[in-house]
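With the working numbering applied, the sequence shown has no gaps in its numbers, which climb one by one up to 777 at the end.
From the three backbone atoms N, C-alpha and C, an ideal C-beta is built for every residue, glycine too.
Reading through the structure tokens given below for one structure.
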Amino acid sequence: MRFKSRPAALVAAVSAALATAATALVAVTLTAGPASADTGTGYLHTNGRNIVDSAGKTVRLTGINWFGMETDNKTFHGLWANAPATWKGQLDKMASLGFNTLRVPYSGDALKAGAAATGINDYTNPDLIGLSPLQILDKVIAYAGTKGMRVILDRHRPTAAGQTPLWYTASVSEASMIADWQMLAARYAGNPTVIGADLFNEPHAEGTDPAATGACWGCDVQARDWRLAAERIGNAILQTNSNWLIFVEGVSCLSGGVANVWDNIPDDPMACDWWGGNLSAAIDKPVRLNVANRLVYSPHEYGISVYDRQSWFNDPNFPNNLPAVWDAFWGKIAKQNVAPIMIGEFGSTLANPLDVQWLTKLMAYIGDNGLSFTYWSWNPNSGDTGGIALDDWYSINQTKYNILQPYLNPPSGNPSPQPSSASPSPSRSTSPSPSVSPSRSASPSPSASPSPGGNGTCTKVVTITNSWQGGYQAEVKVTNTSTSAVNPWTVTWTVPSGVALTNGWNATVTQSGTTITAAAPSWSTSLAPGASVAIGYTATGPSSPAPSNVKLNGVTCA
Numbered sequence: 220m221r222f223k224s225r226p227a228a229l230v231a232a233v234s235a236a237l238a239t240a241a242t243a244l245v246a247v248t249l250t251a252g253p254a255s256a257d258t259g260t261g262y263l264h265t266n267g268r269n270i271v272d273s274a275g276k277t278v279r280l281t282g283i284n285w286f287g288m289e290t291d292n293k294t295f296h297g298l299w300a301n302a303p304a305t306w307k308g309q310l311d312k313m314a315s316l317g318f319n320t321l322r323v324p325y326s327g328d329a330l331k332a333g334a335a336a337t338g339i340n341d342y343t344n345p346d347l348i349g350l351s352p353l354q355i356l357d358k359v360i361a362y363a364g365t366k367g368m369r370v371i372l373d374r375h376r377p378t379a380a381g382q383t384p385l386w387y388t389a390s391v392s393e394a395s396m397i398a399d400w401q402m403l404a405a406r407y408a409g410n411p412t413v414i415g416a417d418l419f420n421e422p423h424a425e426g427t428d429p430a431a432t433g434a435c436w437g438c439d440v441q442a443r444d445w446r447l448a449a450e451r452i453g454n455a456i457l458q459t460n461s462n463w464l465i466f467v468e469g470v471s472c473l474s475g476g477v478a479n480v481w482d483n484i485p486d487d488p489m490a491c492d493w494w495g496g497n498l499s500a501a502i503d504k505p506v507r508l509n510v511a512n513r514l515v516y517s518p519h520e521y522g523i524s525v526y527d528r529q530s531w532f533n534d535p536n537f538p539n540n541l542p543a544v545w546d547a548f549w550g551k552i553a554k555q556n557v558a559p560i561m562i563g564e565f566g567s568t569l570a571n572p573l574d575v576q577w578l579t580k581l582m583a584y585i586g587d588n589g590l591s592f593t594y595w596s597w598n599p600n601s602g603d604t605g606g607i608a609l610d611d612w613y614s615i616n617q618t619k620y621n622i623l624q625p626y627l628n629p630p631s632g633n634p635s636p637q638p639s640s641a642s643p644s645p646s647r648s649t650s651p652s653p654s655v656s657p658s659r660s661a662s663p664s665p666s667a668s669p670s671p672g673g674n675g676t677c678t679k680v681v682t683i684t685n686s687w688q689g690g691y692q693a694e695v696k697v698t699n700t701s702t703s704a705v706n707p708w709t710v711t712w713t714v715p716s717g718v719a720l721t722n723g724w725n726a727t728v729t730q731s732g733t734t735i736t737a738a739a740p741s742w743s744t745s746l747a748p749g750a751s752v753a754i755g756y757t758a759t760g761p762s763s764p765a766p767s768n769v770k771l772n773g774v775t776c777a
């Protein structure tokens, strides 16, 4: 959430340069693809300017940042709040407001062995006490999936000590950063709720030109060129999990340094933007990934409450000058159908009335161009922006929300392996609170060559993971104990009369009478010998007697 300032004398030069850039864009502007009203199905990938799901349907991410895991607490802030702002209650609220994606900032410190999460209210969140930061993240991801939300992980800082201009430090190497990312990519492999990696937050300039020491774009200096580093880190992640999207932020100044006015080295008015916001060179010098259709550019954009001396805020044509600013720094990437844009951070306190104009104009630009975004932030304790949540972590800032709301796509998709929509719990009209997270072993890895069809033998474990008045959540886990793969697999079981299925995940789950059928999803049709699938579902009606007569492709499981 930082910036690079410019002398006021450059305002006119900026305006002229932006006008030229805007004119150049007219001939190549494209119409956005139709946006999905949900978060889609399966893993996401890119198609030109659009993010699309496994069926090729355009998806627009309209999310929010929930920070804290990058701080000394090493976990989400607000876990200290009182009811109804439990950790699940806050996710319920985000989803109900229409935020379909959660961006989670973290630092390397939160991933270390022995890392301890602090700042948790043991009365409102007793199920988090004693868990590591990663275990809490697991629970948040699992529950977000039950809401139909997607999750983006963001390497916000090397350590909890603070933001750095480069992605590595003297004590945190690029290699250790890559190792952290590969661990996360492996941990959440097979779970399409987690859609990708925002490689590093806000690389930015440091030092004065020509002796710059900060992050540059396209300078070809291995130690400073963020574009080249993004290629190395992104490709390493894709080696571990080729399904992830790779989100790449910009820099602040293309040179990696600020202007040296004392030596009469001029500050190019189009060379610098917010930290992480400058992608103006990405078309000519793109990030090159080894897996096609995985790259998303993710600039940051802020209002006057963060820094009031950006030259475009003083333009006499404000706020109508802003679209040309955004076109020049990052909007042209989408308009020229190069890659999708997902604005990873933007926000303001809105204390200055000009920021209301800024945010209103930005949301209109986002809507007109079909862009994705994650607003900064949910947290009310963001010092220079505040949050959507107020100080109780549950009530909302209605002024901000009213501006954002017309552009939100509620999370009603089915990312799988999580249920796609909510069912009631005893306390409020939200999803039930599962006491057991759905197993990531639900996506069996085909370690043997599948044979067509196949019955085989199997074992089953049926667990009622949660129940409430009028409904329950259960998991049916089936293991293929035969010596050959079952492809495609289908699991069936019997429920008591009066039970009605409301949601299912890890399979295509349907009901006919008292029989529930779970058919293999398209992304995981084969159940290898020794592999298991854990199908979760929620239903109305009695939880006792438990589901029975479990079968794998018609064969009763022991």
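Expected contact under 8 Å - CB spacing of residue i and residue j to nearest Å
| i | j | result |
| --- | --- | --- |
| Ile283 | Ser596 | 7 Å |
| Ala500 | Trp436 | 5 Å |
| Asp428 | Val477 | 7 Å |
| Gly327 | Ser392 | Gly327 to Ser392, Cβ: 10 Å. No contact. |
| Trp577 | Ala304 | The pair is not a contact, with the Cβ atoms about 29 Å apart (cut-off 8 Å). |
| Leu310 | Met561 | That pair is no contact at about 20 Å. |
| Thr700 | Thr676 | 5 Å |
Residue i to residue j span [Cα, whole Å]
| i | j | result |
| --- | --- | --- |
| Gly496 | Gly453 | 19 Å |
| Gln347 | Ile355 | A small correction: the amino acid at residue 347 is Leu; Gln does not occupy that position in the sequence shown. Each residue's alpha carbon lies about 6 Å from the other. |
| Leu720 | Asp527 | 54 Å |
| Leu350 | Trp306 | 14 Å |
| Ser614 | Ala608 | 6 Å |
| Asn725 | Pro352 | 25 Å |
| Tyr325 | Asp574 | 28 Å |
| Pro715 | Ala765 | 8 Å |
| Gln555 | Ala434 | 26 Å |
| Thr759 | Leu498 | 50 Å |
| Asn460 | Val510 | 10 Å |
| Ala739 | Asn706 | 9 Å |
| Leu457 | Ala747 | 24 Å |
| Ala570 | Thr412 | 35 Å |
| Leu771 | Ser762 | 22 Å |
| Lys293 | Asp357 | 14 Å |
| Lys580 | Val544 | 12 Å |
| Trp708 | Ser591 | 36 Å |
| Gly404 | Pro559 | Correcting the residue identity first, residue 404 is Ala in this sequence and not Gly. If I take the Cα positions, the gap works out to 21 Å. |
| Gly689 | Gly308 | 20 Å |
| Ala274 | Ser390 | 44 Å |
| Ser767 | Val718 | 13 Å |
| Thr698 | Gly261 | 23 Å |
| Pro377 | Gly563 | 18 Å |
Where residue i falls, given that 16 or more other Cβ within 10 Å makes a residue buried
| i | result |
| --- | --- |
| Leu237 | At Leu237 the pLDDT is 40, less than 50, meaning the model places this residue with poor confidence; the figure from the coordinates comes in the next sentence. Answer is buried; the Cβ neighbour count reaches 16. |
| Arg443 | buried |
| Pro653 | Any answer about Pro653 is weak, because its pLDDT of 28 lies below 50 and its placement is not dependable; what the coordinates show is given next. Buried is the call here. |
| Asn621 | exposed |
| Ala704 | buried |
| Asn628 | buried |
| Arg513 | buried |
| Gln529 | buried |
| Ser662 | Bear in mind that a pLDDT of 29 at Ser662, under 50, signals an unreliable position, so the number given afterwards is only what the model happens to contain. Buried, because 16 or more other Cβ atoms sit within 10 Å of the Cβ of Ser662. |
| Arg507 | exposed |
| Phe286 | buried |
| Pro538 | buried |
| Thr743 | At residue 743 the sequence reads Ser, which differs from the Thr that was named. Buried. |
| Gln441 | exposed |
| Gly475 | buried |
| Ser751 | buried |
Own chain residues within Cβ distance below 6 Å of residue i, not counting five before or after
| i | result |
| --- | --- |
| Ile339 | Leu298, Leu347 |
| Thr682 | Glu694 |
| Glu425 | Pro384, Thr432, Gly433 |
| Ala777 | Thr678 |
| Val728 | Ala737, Tyr756 |
| Ala379 | Thr290, Asp291, Ser326, Asp328 |
Contacts around residue i, its chain only, beta-carbon distance under 8 Å, and the 5 residues preceding and following it disregarded
| i | result |
| --- | --- |
| Gly586 | Pro625, Tyr626 |
| Met402 | Leu330 |
| Ile502 | Lys551, Ile552, Gln555, Val557 |
| Thr337 | Asp291, Asn292, Lys293, Thr294 |
| Tyr802 | Outside the shown range of the chain (220 to 777) lies residue 802, about which nothing can therefore be said. |
Own chain residues within Cβ distance below 7 Å of residue i, not counting five before or after
| i | result |
| --- | --- |
| His375 | Glu289, Pro324, Tyr325, Ser326, Asn420 |
| Leu623 | Met582, Tyr594 |
| Lys619 | Leu569, Ile607 |
| Asn780 | Since the first residue of the chain shown is 220 and the last is 777, residue 780 is not available in this structure. |
* To do: Evaluate contact between the stretch 305-324 and the stretch 381-401, counting only Cβ atoms and requiring at least three cross-stretch pairs below 8 Å.
  => no
* Does the stretch 517-524 come close enough to the stretch 548-567 that 3 or more CB-CB pairs lie under 8 Å? -> yes
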